[in-house]
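Quick note, the sequence shown lines up with residues 0 to 407 if you use numbering that gives the first Met the number 0. Where is the CB? At the ideal position from N, CA and C, for every residue including glycine. Here the structure comes first, spelled out in structure tokens, and everything after it is commentary.
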Amino acid sequence: MTTRGEAGRETGLARYTYRLRVTTTACTLLLAEWDRCRWVWNECVGKSRAVHAHNRAQPDNKRTCGPAQLDRMLTDARARTPWLRDGASVPQQQIIRDFAKARSKALRDIDKRLPMRQRAGMPRRKKKREADPTLNYTVRGFRLKGGRLHLAGGIVLTVVWSRELPAAPSSVRVYRDAVGHWYASFVVATEVQPFPQTGAALGVDWGVKETATTTSDAHDLPHPQHGRKAQAKLTRYDRMMARRKPKKGQASSKGHRDAKKWRAKTYAKIARQRQDTSRKWAKRVVRDHDAIAVEDFRPKFLAKTSMARKAADAAIGATKAALIEMGRKHGRNIRLVHPAHTTMDCASCGARTKHALPLSERTYTCTACGVASPRDKNSARVMLVRAGLAPAGVEGVSPPGAPLPEAA
Numbered sequence: 000m001t002t003r004g005e006a007g008r009e010t011g012l013a014r015y016t017y018r019l020r021v022t023t024t025a026c027t028l029l030l031a032e033w034d035r036c037r038w039v040w041n042e043c044v045g046k047s048r049a050v051h052a053h054n055r056a057q058p059d060n061k062r063t064c065g066p067a068q069l070d071r072m073l074t075d076a077r078a079r080t081p082w083l084r085d086g087a088s089v090p091q092q093q094i095i096r097d098f099a100k101a102r103s104k105a106l107r108d109i110d111k112r113l114p115m116r117q118r119a120g121m122p123r124r125k126k127k128r129e130a131d132p133t134l135n136y137t138v139r140g141f142r143l144k145g146g147r148l149h150l151a152g153g154i155v156l157t158v159v160w161s162r163e164l165p166a167a168p169s170s171v172r173v174y175r176d177a178v179g180h181w182y183a184s185f186v187v188a189t190e191v192q193p194f195p196q197t198g199a200a201l202g203v204d205w206g207v208k209e210t211a212t213t214t215s216d217a218h219d220l221p222h223p224q225h226g227r228k229a230q231a232k233l234t235r236y237d238r239m240m241a242r243r244k245p246k247k248g249q250a251s252s253k254g255h256r257d258a259k260k261w262r263a264k265t266y267a268k269i270a271r272q273r274q275d276t277s278r279k280w281a282k283r284v285v286r287d288h289d290a291i292a293v294e295d296f297r298p299k300f301l302a303k304t305s306m307a308r309k310a311a312d313a314a315i316g317a318t319k320a321a322l323i324e325m326g327r328k329h330g331r332n333i334r335l336v337h338p339a340h341t342t343m344d345c346a347s348c349g350a351r352t353k354h355a356l357p358l359s360e361r362t363y364t365c366t367a368c369g370v371a372s373p374r375d376k377n378s379a380r381v382m383l384v385r386a387g388l389a390p391a392g393v394e395g396v397s398p399p400g401a402p403l404p405e406a407a
């Protein structure tokens, strides 16, 4: 979502997430608020199912289950239930908004007749032992005072301010992850922070051997292998969980819960490492180039190949998203190029081979002009050509004053 600022500069919304230090008292209050919100969500699910059953039984007398009806249901429930009324109304109203969005998305997918594997499912009940707490507050439900976060209901939380907020937040989401850590995610309005012009352009080709191969050797991103480095720990925790797995109908033992927690912490660390690597690389690429031609690669199909584990460890999708987000933040020209035939085209003369190159063949040799180059480097140059950036050399420096047409 973007708007226009007073000075005509494009502004948008961004999330800034911080770790929370939660005391025992605050944790008890947060979990009590979550119990109320979870109850409201489950009531919305029951209301939605009842309306659906009524509409099927009486198609001539259909009912609706929108936010207005759910708000009235919440008002009546708070009037009749002191336990629900003791909680803040803001997170309860926001969870109704979340339920309405999820239900509308599912109904739209049904109307579009999407395949079952692509549809968003109808909202289901949240179980106490499975759903992690998530509380949303609008601007009237929280305030920042003395560096601490004050939530409606007298809940005070200590925020670990790793960086300053660029503006006053309009909303905040307080949640707990699978490891048990609490976080606060603020939504703030941001402005474009343009980098100085460099006159350079870059082509990016995604891969498995190297996560990103570019037209500049200095900006290639090698495979970090964060998951492979932690595989020994993950295997050990998987064996511990398998040995201590409870029988059906029995509660988990302390050892099983501990192993599950250690495994979750390891996965969380891997995710943070991948995110840190992708953001740092994206910042460096965006800082050094005005225009970037990026392969519009969707790595989902790799999950069904023999390269699934290595491709997942490369985190191509997350790296691509980080590059696009960083480019928008700093006002760079990011162009997505369709990946079809990028490994078959010659970047020098534009000729296309008759047959697709096997993965074992790492050198591209053009049969028309005779140019030979590494396969991924040739694909990165093809990105520049298709994006209309017309590079004047390996580094992709655009001619001065050359127009930058829209990418294909």
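- Of the residues A320, K260, Q224, W205, the one whose Cα lies closest to the Cα of V381 is W205.
- Rounded to the nearest angstrom, the Cβ distance from A346 to V384 is 6 Å, consistent with a contact under 8 Å.
- In this structure the segment 117-136 lies against the segment 39-59, because at least three pairs of beta carbons, one per stretch, are closer than 8 Å.
- By the neighbour-count criterion, in which a residue is buried when 16 or more other Cβ atoms sit within 10 angstroms of its Cβ, V138 is exposed.
- Per DSSP, the continuous beta strand (DSSP E) segment holding F141 begins and ends at 141-144.
- In this structure, the CA atom of E294 is about 50 Å from the CA atom of G153.
- Note: W261 is not bridge-paired with any residue in the DSSP secondary-structure output.
- Around the beta carbon of T27, a 10 Å sphere encloses fewer than 16 other beta carbons of the protein chains shown; the residue is thus reported as exposed.
- Residue pairing of V178 in beta bridges, as defined by DSSP: absent, with no partner found.
- The Cβ atoms of Y17 and V186 lie no closer than 7 Å to each other.
- Here V207 is not near A151, since their CB atoms are 7 Å or more apart.
- In the DSSP assignment, H149 forms a beta bridge with R142, V155.
- Looking only at R175, K260, R162, the smallest Cα-Cα distance to N135 is reached by R175.
- The beta carbon of R374 is closer than 8 Å to those of T342, L356, E360, R361, T362, Y363 in its chain, skipping five residues each way along the sequence.
- Runs of the beta strand (DSSP E) lying entirely within the segment 322-361 and spanning at least 3 residues, in chain order: 332-336.
- Annotated as distal: R162 and V155, with beta-carbon spacing of 7 Å or more.
- For the pair D312 and S305, the Cα-to-Cα distance works out to about 13 Å.
- Within the segment 198-256, the runs of alpha helix (DSSP H) at least 4 residues long that lie entirely inside it are, in chain order, 225-228, 230-242.
- Restricting attention to P193, K299, R242, M115, the CA atom closest to the CA of K282 is found in P193.
- Taking each of D237, C36, R14 in turn and checking the Cα distance to R84, the smallest one comes out for C36.
- Straight-line measurement puts the Cα of E129 at about 13 Å from the Cα of R256.
- Partner residues in the beta bridge of P373, as assigned by DSSP, are T362.
- In terms of CA proximity to K328, A188 leads the group A188, G248, A241, G65.
- DSSP places L73 within a helical segment (H, G or I) once states are collapsed to three.
- Taking the C-beta atoms as reference points, T210 is found no nearer than 7 Å to L201.
- For R14, the secondary structure class from DSSP, reduced to helix, strand or coil, is strand.
- Residue pairing by DSSP places S170 opposite T137, V186 in a beta bridge.
- Spanning the alpha carbons of L29 and P298 requires a straight line of approximately 38 Å.
- Residues of the same chain with a CB within less than 6 Å of the CB of I323, apart from the 5 flanking positions on each side, are I333 in chain order.
- Looking from the CA of D34, the closest CA among K232, W82, A310, H222 belongs to W82.
- Between T214 and R351, the alpha-carbon positions lie close to 20 Å from each other.
- Under the DSSP assignment, E294 falls in the beta strand (DSSP E) whose first and last residues are 290-294.
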